[in-house]
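Asks:
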Amino acid sequence: ALFILGDLFEVWVGDGIILASDDPDGAFARQCQQVLQAACARMPVYFMHGNRDFLLGEDFARVCGMTLLPDPTQLDFDGRRYLLSHGDALCLGDVDYQQFRLQVRQAAWQANFLAKPLAERQEIARGLRSQSESRKASGAHYADVDTAAALSWLRANHASTLIHGHTHRPRDHILDATTPPVLCRLVLSDWDAAAQPPRLEVLRLAAGHPPRRVVLAPAP
449 ALFILGDLFE
459 VWVGDGIILA
469 SDDPDGAFAR
479 QCQQVLQAAC
489 ARMPVYFMHG
499 NRDFLLGEDF
509 ARVCGMTLLP
519 DPTQLDFDGR
529 RYLLSHGDAL
539 CLGDVDYQQF
549 RLQVRQAAWQ
559 ANFLAKPLAE
569 RQEIARGLRS
579 QSESRKASGA
589 HYADVDTAAA
599 LSWLRANHAS
609 TLIHGHTHRP
619 RDHILDATTP
629 PVLCRLVLSD
639 WDAAAQPPRL
649 EVLRLAAGHP
659 PRRVVLAPAP
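Residue 532 in the numbering used here is what sits at position 84 of the sequence shown, and the numbering runs on without skipping anything.
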């Protein structure tokens with residue numbers, strides 16, 4: 449199975465984008481749909497929303513063959529319970545973002561946004577993306593996952609390992625080793641095939657083995 453833990457897309461302004469025949473974003477969305485359909489024909493594919501593609505809906509998931517997951521999701525595999533999350537909900541130090549997240553995840557806000565014309569939605573999305581890029585370029589500090597919150601999630605779900613992305617700080621963290629099982633979090637890398645060197649890392653779970661980071665080769 450393949451688990452996609454959010455931010456597969458830089459932006460997603462609604463499932464109707466695949467019907468936009470004269471829009472470059474629509475053409476790209478349809479190409480992605482074909483790739484995801486091919487992947488779903490080979491194995492089960494599960495998708496969890498990120499902070500950039502939280503408007504990806506049931507319609508697009510169904511057309512592709514993907515199953516949407518809540519955040520967080522428990523995964524029991526090989527005698528071990530993992531907790532899967534995009535990770536943004538745990539970055540409690542970024543108060544402004546948490547307030548924004550609370551707003552845009554509300555059904556009323558999403559319904560109002562999706563009712564707007566496509567061009568207006570795209571313009572809003574470009575503005576938000578531009579703000580994010582400006583903040584990144586300024587060297588602003590981004591909050592990391594709150595350790596106490598991560599431990600609380602793990603203990604509440606009786607899980608030993610939290611797997612998440614969002615922060616773009618790939619690393620393995622030991623959160624509590626005082627009593628077994630050791631509680632830890634594994635941070636996924638972001639993906640950028642155009643970077644030098646390319647960032648194309650996945651986390652592979654295999655029976656009888658610990659989680660392993662695998663760097664994929666870029667497509668020719």
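Ideal Cβ positions, reconstructed from N, Cα and C, are used throughout, including at glycine.
(1) For a test of the three-state rule: what should DSSP assign to Leu538, helix, strand or coil?
(2) DSSP has Arg473 in a bridge; who is on the other side?
(3) Here's the rule I'm using: 16 or more other beta-carbon atoms within 10 Å means buried, otherwise exposed. How should Leu550 be labelled?
(4) Would Leu453 pass as a contact of Met491 if the rule is Cβ separation under 8 angstroms?
(5) Can you grab the Cα-Cα spacing for the pair Arg500 / Ala573, in whole Å?
(6) Counting pairs of Cβ atoms below 8 angstroms between the stretch 590-597 and the stretch 537-554, do you hit three or more?
(7) Using the rule of at least 16 other Cβ atoms within 10 Å of the residue's Cβ for burial, across every protein chain shown, is Gly613 buried or exposed?
(8) Go to Asp507, then tell me how far its alpha helix (DSSP H) extends in each direction, as first and last residue.
(9) Just to confirm, is the Cβ distance from Arg633 to Trp639 under 8 angstroms?
(10) Using only the alpha-carbon positions, how far apart do His657 and Leu523 sit?
(11) Specify the secondary structure class of Glu458 as computed by DSSP and reduced to three states.
(12) Quick check: the Cα distance between Ser533 and Thr521, rounded to an integer number of angstroms?
(13) Counting along the chain, where does the beta strand (DSSP E) carrying Gln546 start and finish?
(14) Measuring CB atoms only, is the stretch 619-633 touching the stretch 601-611, in the sense that at least three cross pairs come out at less than 8 angstroms?
(15) Does the stretch 567-586 touch the stretch 615-630, meaning 3 or more C-beta pairs lie closer than 8 angstroms?
(16) Between Leu504 and Trp460, is the Cβ-Cβ spacing less than 8 angstroms?
(17) According to DSSP, is Asp638 helix, strand or coil?
(18) Please list, in chain order, all residues of the same chain as Phe451 whose beta carbon is under 7 angstroms from its beta carbon, the five residues on each side excluded.
Replies: Reading off the structure:
(1) Assignment of Leu538 by DSSP, reduced to helix, strand and coil, places it in the helix class.
(2) Checking the sequence, you will find Asp at residue 473 rather than Arg. DSSP, once it has assigned bridges, lists no residue as partnering Asp473.
(3) exposed
(4) no
(5) Straight across, the Cα-Cα distance linking Arg500 with Ala573 is about 9 angstroms.
(6) Look at the beta carbons and you see the stretch 590-597 touching the stretch 537-554: at least three pairs across the two are nearer than 8 angstroms.
(7) It counts as buried.
(8) 506-512
(9) no
(10) About 16 angstroms.
(11) coil
(12) 7 angstroms
(13) Gln546 -> not in any beta strand (DSSP E); alpha helix (DSSP H) instead, spanning 543-552.
(14) Yes, the stretch 619-633 is in contact with the stretch 601-611.
(15) no
(16) yes
(17) DSSP places Asp638 in the coil class of the three-state scheme, outside both helix and strand.
(18) Tyr494, Leu532
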